[in-house]
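Going down the list, the sequences are from chains D and G. Read in order, the letters of the first sequence are residues 0 to 459 in numbering that gives the first Met the number 0. Read in order, the letters of the second sequence are residues 0 to 459 in numbering that gives the first Met the number 0. A virtual CB, placed ideally from N, CA and C, is assigned to each residue, including glycine. Have a look at the structure below before the remarks.
Number of protein chains: 2
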Amino acid sequence: MALPAEIVEEIRQIVGSQGMLGRTELAARDPGVDPHNLGADLLIRPTSTTEVSRVLARCQAARIGVVPQGGRTGLSGGAVTHAGEVILSLERLNRIESLDPISRAAVLGAGVTLTVLARAAAAHGLSPGIDFGGRDSATIGGMISTNAGGVAAFRHGTMRERVLGLEVVLADGSVLTELGRVRKHNEGLAVQQLFIGAEGTLGVITRVSLALIPLEGPFATALVAVPDLDRAVTLCDTLQRSGSVTVAAIEIMSGNHVEATTRTAATGEIKALAASPYVALLEVSAPSGADAQLASVLGTAAEAGVIEDAVIAQTEAQRQFMWHVREDWAVDRERPGGLWYDVSVPLAALPSYLASFSSRLRSHDAGLALFVIGHLADGNVHLTVNAPHPISDRYEEIAALVTADLASLGGSFSAEHGIGLEKKATLQRLAGPVKLDLMRRVKRALDPHGIMNPGKVVPD
Amino acid sequence: MALPAEIVEEIRQIVGSQGMLGRTELAARDPGVDPHNLGADLLIRPTSTTEVSRVLARCQAARIGVVPQGGRTGLSGGAVTHAGEVILSLERLNRIESLDPISRAAVLGAGVTLTVLARAAAAHGLSPGIDFGGRDSATIGGMISTNAGGVAAFRHGTMRERVLGLEVVLADGSVLTELGRVRKHNEGLAVQQLFIGAEGTLGVITRVSLALIPLEGPFATALVAVPDLDRAVTLCDTLQRSGSVTVAAIEIMSGNHVEATTRTAATGEIKALAASPYVALLEVSAPSGADAQLASVLGTAAEAGVIEDAVIAQTEAQRQFMWHVREDWAVDRERPGGLWYDVSVPLAALPSYLASFSSRLRSHDAGLALFVIGHLADGNVHLTVNAPHPISDRYEEIAALVTADLASLGGSFSAEHGIGLEKKATLQRLAGPVKLDLMRRVKRALDPHGIMNPGKVVPD
Numbered sequence: 000m001a002l003p004a005e006i007v008e009e010i011r012q013i014v015g016s017q018g019m020l021g022r023t024e025l026a027a028r029d030p031g032v033d034p035h036n037l038g039a040d041l042l043i044r045p046t047s048t049t050e051v052s053r054v055l056a057r058c059q060a061a062r063i064g065v066v067p068q069g070g071r072t073g074l075s076g077g078a079v080t081h082a083g084e085v086i087l088s089l090e091r092l093n094r095i096e097s098l099d100p101i102s103r104a105a106v107l108g109a110g111v112t113l114t115v116l117a118r119a120a121a122a123h124g125l126s127p128g129i130d131f132g133g134r135d136s137a138t139i140g141g142m143i144s145t146n147a148g149g150v151a152a153f154r155h156g157t158m159r160e161r162v163l164g165l166e167v168v169l170a171d172g173s174v175l176t177e178l179g180r181v182r183k184h185n186e187g188l189a190v191q192q193l194f195i196g197a198e199g200t201l202g203v204i205t206r207v208s209l210a211l212i213p214l215e216g217p218f219a220t221a222l223v224a225v226p227d228l229d230r231a232v233t234l235c236d237t238l239q240r241s242g243s244v245t246v247a248a249i250e251i252m253s254g255n256h257v258e259a260t261t262r263t264a265a266t267g268e269i270k271a272l273a274a275s276p277y278v279a280l281l282e283v284s285a286p287s288g289a290d291a292q293l294a295s296v297l298g299t300a301a302e303a304g305v306i307e308d309a310v311i312a313q314t315e316a317q318r319q320f321m322w323h324v325r326e327d328w329a330v331d332r333e334r335p336g337g338l339w340y341d342v343s344v345p346l347a348a349l350p351s352y353l354a355s356f357s358s359r360l361r362s363h364d365a366g367l368a369l370f371v372i373g374h375l376a377d378g379n380v381h382l383t384v385n386a387p388h389p390i391s392d393r394y395e396e397i398a399a400l401v402t403a404d405l406a407s408l409g410g411s412f413s414a415e416h417g418i419g420l421e422k423k424a425t426l427q428r429l430a431g432p433v434k435l436d437l438m439r440r441v442k443r444a445l446d447p448h449g450i451m452n453p454g455k456v457v458p459d
Numbered sequence: 000m001a002l003p004a005e006i007v008e009e010i011r012q013i014v015g016s017q018g019m020l021g022r023t024e025l026a027a028r029d030p031g032v033d034p035h036n037l038g039a040d041l042l043i044r045p046t047s048t049t050e051v052s053r054v055l056a057r058c059q060a061a062r063i064g065v066v067p068q069g070g071r072t073g074l075s076g077g078a079v080t081h082a083g084e085v086i087l088s089l090e091r092l093n094r095i096e097s098l099d100p101i102s103r104a105a106v107l108g109a110g111v112t113l114t115v116l117a118r119a120a121a122a123h124g125l126s127p128g129i130d131f132g133g134r135d136s137a138t139i140g141g142m143i144s145t146n147a148g149g150v151a152a153f154r155h156g157t158m159r160e161r162v163l164g165l166e167v168v169l170a171d172g173s174v175l176t177e178l179g180r181v182r183k184h185n186e187g188l189a190v191q192q193l194f195i196g197a198e199g200t201l202g203v204i205t206r207v208s209l210a211l212i213p214l215e216g217p218f219a220t221a222l223v224a225v226p227d228l229d230r231a232v233t234l235c236d237t238l239q240r241s242g243s244v245t246v247a248a249i250e251i252m253s254g255n256h257v258e259a260t261t262r263t264a265a266t267g268e269i270k271a272l273a274a275s276p277y278v279a280l281l282e283v284s285a286p287s288g289a290d291a292q293l294a295s296v297l298g299t300a301a302e303a304g305v306i307e308d309a310v311i312a313q314t315e316a317q318r319q320f321m322w323h324v325r326e327d328w329a330v331d332r333e334r335p336g337g338l339w340y341d342v343s344v345p346l347a348a349l350p351s352y353l354a355s356f357s358s359r360l361r362s363h364d365a366g367l368a369l370f371v372i373g374h375l376a377d378g379n380v381h382l383t384v385n386a387p388h389p390i391s392d393r394y395e396e397i398a399a400l401v402t403a404d405l406a407s408l409g410g411s412f413s414a415e416h417g418i419g420l421e422k423k424a425t426l427q428r429l430a431g432p433v434k435l436d437l438m439r440r441v442k443r444a445l446d447p448h449g450i451m452n453p454g455k456v457v458p459d
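Here it is in C-alpha cells:
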C-alpha cells in the first residue's frame with residue numbers, strides 16, 4: 000500500500016521539500032540496527048513542534064500510521080516501518096536550547112544525540128548521568144521513548160529518572176508542553192510518564208528537559224577475573240560499600256565474550272583474563288588517588304578469594320581498550336544471525352538464574368552457545384545465544400527458556416531494550432490480562448485511531 | 000447522604016466486624032492533619048488484597064465513592080471524606096514480606112510506615128533512601144500515592160524513583176500485580192507509573208516493592224548562617240562538588256522560622272543564627288572524619304564570604320535538636336490558620352523568585368508574614384504565609400501571588416504535597432487544556448464510574 004499522492008503533497012506543504020525523503024533517498028541511507036527501519040516510502044524531517052503537530056493532525060485525519068525515529072539504534076524493532084506509513088525523524092530538532100549549570104538542567108530538542116549532550120554538559124562540569132554503547136547515534140528522544148538504561152543506571156536511574164519535563168505531540172496534533180526544570184513536580188496525574196518507554200506508540204516527544212549531574216572522575220578502571228557469579232555479586236557489594244571509592248561502573252562479561260573481543264588486539268595480560276568464567280569491568284573515582292584506592296580494594300578482594308586476577312588501566316588508551324572489550328560486538332560479527340535477550344534479575348538470584356538458564360539451553364540444544372554481558376549492579380544481563388549458522392527464526396523457542404523462572408525470581412524479561420516488535424509475544428504471554436487490558440485502555444484513550452507506531456508494543 | 004444499610008452489611012461479610020469502624024469509633028480517632036479526613040460514616044480496614052478487591056467491586060457496582068487512606072499526614076486534603084463515602088484504610092496491610100539485602104529490595108504492604116521500613120532496612124545496613132518529617136505516621140502506600148519527596152530526593156529521587164513494583168486494585172476490583180524487584184523493567188506501556196502521585200484517584204495500592212540503598216553515616220551536621228539565598232545556592236554547589244564529603248541533606252530555613260523554633264529551647268550559639276536572613280542545615284558523611292571534613296569545607300566557605308557563621312553538632316542530642324529546629328511547626332502553632340504553599344524553582348532562579356514573591360506579598364498586604372523552609376538542593380521551598388489571625392479563606396488570593404512567574408521560571412506550583420482538594424483550582428488555572436484533557440481521559444479509562452477518591456486531583 001502506497002501513500003496517497005495528495006497526502007504526500009499536503010505534508011510537503013507543511014515540512015517543505017527539504018523536510019522529505021522519498022524511496023530513492025531512503026535506499027541510500029543507513030537503516031540503522033534493523034534493516035527494515037526504512038521500509039516506508041516517505042521519511043519526513045520536521046524542524047519544529049508546530050510542523051510535527053500539523054503532520055500528525057493530517058495523518059490522523061487520513062488514518063496513516065506514523066513511526067517516530069531517533070538514532071535507529073533500537074534493538075527490538077520499535078522503529079521498523081512498512082509501505083504506507085510515514086517515518087517521522089526528529090533529526091532536525093537537534094538544538095540544545097538552554098543549559099543551566101546551577102540548576103543542572105538542560106532543555107533540548109528530541110533529536111540531540113547523547114554524545115552531543117554529554118559534550119555540552121561537560122563544558123560546565125556536568126554529565127547527563129546516563130551512558131551506553133550507542134551514545135554517538137542514539138538520540139535523547141529515542142532514549143526516553145525506550146527508557147534507556149545502560150552503565151550508570153544503578154546510580155543515576157534510567158532515562159525516566161533523568162527526565163524533568165517533556166513536550167509531546169499527540170496523535171490529533173495537540174501539544175502537551177511540560178518543560179519544567181525541577182525534579183519535584185506533582186501537578187496532577189502523571190500522564191507525562193506514559194510517554195517514557197512507550198516507543199512512540201502514544202505520541203511524539205519533540206522537546207525535553209533533563210536533569211544533569213556533576214561530572215565525575217578522574218577514573219580508575221580495571222578488568223577483573225572472577226571465578227564465578229556469586230563472587231562477582233560479592234565484589235559488587237564490597238565495592239559499593241567500600242567508602243573509599245565512588246563506583247561509576249560495574250560491568251560483567253562472560254569469559255567467552257572477552258575471548259572474542261580480545262582475540263586480535265589485546266595484550267597478553269588482558270587476554271589471559273578470558274580464561275576465567277567471568278570478567279568484570281570496574282570504574283571508580285575517589286577524593287584522591289583513585290588508582291591506589293582501587294588497587295587497595297582489589298587487593299583485599301583477592302586475599303579473600305573474591306577475585307582471581309586484575310589489570311588496572313595505566314593509560315587512557317588502555318582504559319578505552321577495556322571499554323572496547325566490553326562494548327565490541329565481535330560475538331555477533333563472527334556468528335551473525337544470533338539472538339539477543341535482555342533480562343534483569345534481583346542480584347541475589349542472578350547466579351542461580353544464569354546457571355539454570357544455561358543448563359536449560361544446553362539440554363535443549365547442545366549446539367547453541369551463550370555469551371553474557373551486562374550491567375551487574377542492576378542485575379541486568381544481555382544474553383546472546385548463537386550458533387555457527389543463523390538462528391534468527393528461533394526467537395520464541397529460546398525466549399521460553401530465558402523467561403521460564405524470571406517472574407518468580409522477581410526479574411524482568413524486558414530490561415532496557417524495549418518491546419518493539421520482538422518482545423510483543425513474550426509480553427502477551429507473561430503480562431497477565433489486567434496489565435494487557437490497562438495498556439489497551441491507555442492506548443485507546445490517547446491514540447483512538449491507532450496511528451502512532453502501529454503494531455508496536457501493545458498486543459492486539 | 001448515608002451509606003445504604005445493605006451495602007454496609009455486604010462489606011461486613013467481606014472484611015468482618017473487626018475490619019469496620021462506624022461513626023462512634025471514628026469520632027474517637029485522630030483524624031490526622033486535616034480535621035475532615037474522617038468525615039465518612041464508615042472506615043474499613045481490609046487485611047488482604049482479596050478483601051480490597053471484593054470491596055471495590057461491590058462499591059463500583061453500587062457507585063459508592065472510596066477514599067484510600069494511609070497515615071493521614073497529607074497536607075493538601077487528598078484524604079478528606081464525606082458522608083456516603085467509604086474510607087479504605089490500608090493500616091492492616093502492614094507486613095514487610097521480604098527484605099533482600101543483596102538485591103537491595105523489599106516487598107511490603109502499603110500500610111507499613113516509613114519509620115518501620117527504615118528500621119527494618121537499617122538492620123541490614125540499608126535505608127529506604129527517602130526521609131521527611133512525617134516519617135512515624137506516613138505509610139509507604141500514601142507516600143507513593145503522593146510521590147513524596149523530602150530531604151534526600153536531590154540524591155535518591157522522589158518515591159517514583161524508589162518504587163520497583165506495585166500491586167494495585169482497580170475500581171472494578173481487578174488486580175494489577177507487578178511486584179518485580181529490579182530497577183530495569185520496561186514491559187510495555189508504563190501504566191504502573193500512573194498510580195504514583197495519583198492520590199488514590201485511579202486505584203488502591205495494596206503492596207509494593209521498593210529499592211533500598213546502603214545506609215550512610217556517621218554524619219556531621221551543622222547549622223550555617225548565610226547572608227542571602229544567592230550565597231546559599233553557592234554553598235549548595237560547593238558542597239556537592241567538594242569531593243571530600245558526601246552530602247546527605249541541604250535544608251534551608253528563613254531566619255524568622257529559626258527564631259520561632261529556637262525561642263524556648265536553643266543554646267545561645269544556635270539562637271544567634273536566627274538573626275541571619277537564612278540558615279542552612281547541612282548533613283554530610285565522609286570516608287573518615289566527617290566533622291573535620293565539614294569544618295574544612297565550611298572554613299573555606301567562610302573565608303570566601305559565602306557563610307557568616309556555623310555551628311557543628313558536637314553530640315547526637317545536638318544533631319537531633321538541629322533537625323527539630325528544621326522540622327518543628329512552631330510557626331503554625333503560634334499563628335494557626337496560616338497558609339502553606341509548596342513550590343519548586345530551578346536553583347539558579349530561586350533567589351530572585353523568593354525576592355519577588357516576598358515583594359508581591361508585601362505590596363498586596365503588609366500584614367502578612369512569610370516563613371520559608373525547604374529542600375535547597377531541589378529548589379523546593381515551603382512557604383508559610385500567616386497573620387496574627389487565621390487567614391484560611393484566602394488560599395486562592397495568595398496562590399495567585401505565589402504562582403505569578405513560576406511557570407516561566409521552569410518551576411512547579413506543586414512540588415511534593417500533592418494536589419488533593421487544595422490545589423485543584425491552581426491546577427485548573429495553570430495546567431493548560433491538553434494536560435487537563437489527558438488527565439480526564441486517563442481517569443475515565445481507569446475509573447469509568449468515578450468511584451476512586453471522588454472529587455480529588457482531577458478537575459471536572
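Residue j beta carbon less than 8 Å from that of residue i
i               : j               : result
V150 of chain G : A248 of chain G : yes
V203 of chain G : V167 of chain G : yes
V66 of chain D  : T80 of chain D  : yes
G128 of chain D : R161 of chain D : yes
T205 of chain G : A137 of chain G : no
A462 of chain G : L234 of chain G : The structure shown has nothing for residue 462 of chain G, since chain G only spans 0 to 459.
G69 of chain D  : G419 of chain D : no
Closest Cα partner of residue i within the set the options
i               : options                           : result
V344 of chain G : G:S358, G:R334, G:T402 and G:K455 : G:T402
A265 of chain D : D:A316, D:L175, D:V225 and D:G298 : D:A316
V207 of chain D : D:L375, D:L281, D:V278 and D:L113 : D:L113
T425 of chain G : G:L400, G:G64 and G:V278          : G:L400
L193 of chain D : D:M438, D:T261 and D:G449         : D:M438
V225 of chain G : G:E198, G:R94, G:V257 and G:L214  : G:V257
M252 of chain G : G:N36, G:W322 and G:A294          : G:W322
Residue i at chain D interface by Cβ criterion, 8 Å
i               : result
G15 of chain G  : no
Q192 of chain G : yes
L209 of chain G : no
M19 of chain G  : no
V174 of chain G : yes
M451 of chain G : no
Check: residue i C-beta below 7 Å from any heavy atom of the ligand PLP
i               : result
S355 of chain G : In terms of ligand content, the structure shown is empty, and the ligand PLP therefore cannot be addressed.
Cutoff 8 Å: residue i Cβ touching any chain G Cβ
i               : result
A197 of chain D : yes
P345 of chain D : yes
I418 of chain D : yes
Chain G residues whose Cβ lies nearer than 8 Å to that of residue i
i               : result
P286 of chain D : G242, S243 and P286
M438 of chain D : G187, L188 and V190
Within chain D, partners of residue i - CB distance below 7 Å
i               : result
D99 of chain G  : P345 and A347
A301 of chain G : What A301 of chain G touches in chain D: nothing, since even the nearest Cβ is about 21 Å away.
Under 8 Å by beta carbon: chain D residues contacting residue i
i               : result
P213 of chain G : Q239 and R240
V305 of chain G : Within chain D, no residue comes near V305 of chain G; the closest Cβ sits about 14 Å away, beyond 8 Å.
Within chain G, partners of residue i - CB distance below 9 Å
i               : result
G410 of chain D : G179, R180, V181 and H184
Residue i: contacting residues in chain D (beta-carbon distance under 9 Å)
i               : result
G478 of chain G : No answer is possible for residue 478 of chain G: it lies beyond the span of chain G, which begins at 0 and ends at 459.
7 Å Cβ cut-off: residues of chain G touching residue i
i               : result
N379 of chain D : K183
Which ranges does the beta strand (DSSP E) cover as unbroken runs of at least 3 residues, wholly within the stretch 51 to 108 of chain G, from first to last along the chain? Counting whole runs of 3 or more residues, the stretch 51 to 108 of chain G contains the beta strand (DSSP E) stretches 65 to 68, 85 to 88, 95 to 99 and 104 to 108.
Entirely enclosed beta strand (DSSP E) segments - the stretch 13 to 43 of chain G, minimum 3 residues: If we require 3 residues or more, the beta strand (DSSP E) runs fully inside the stretch 13 to 43 of chain G come out as 41 to 43.
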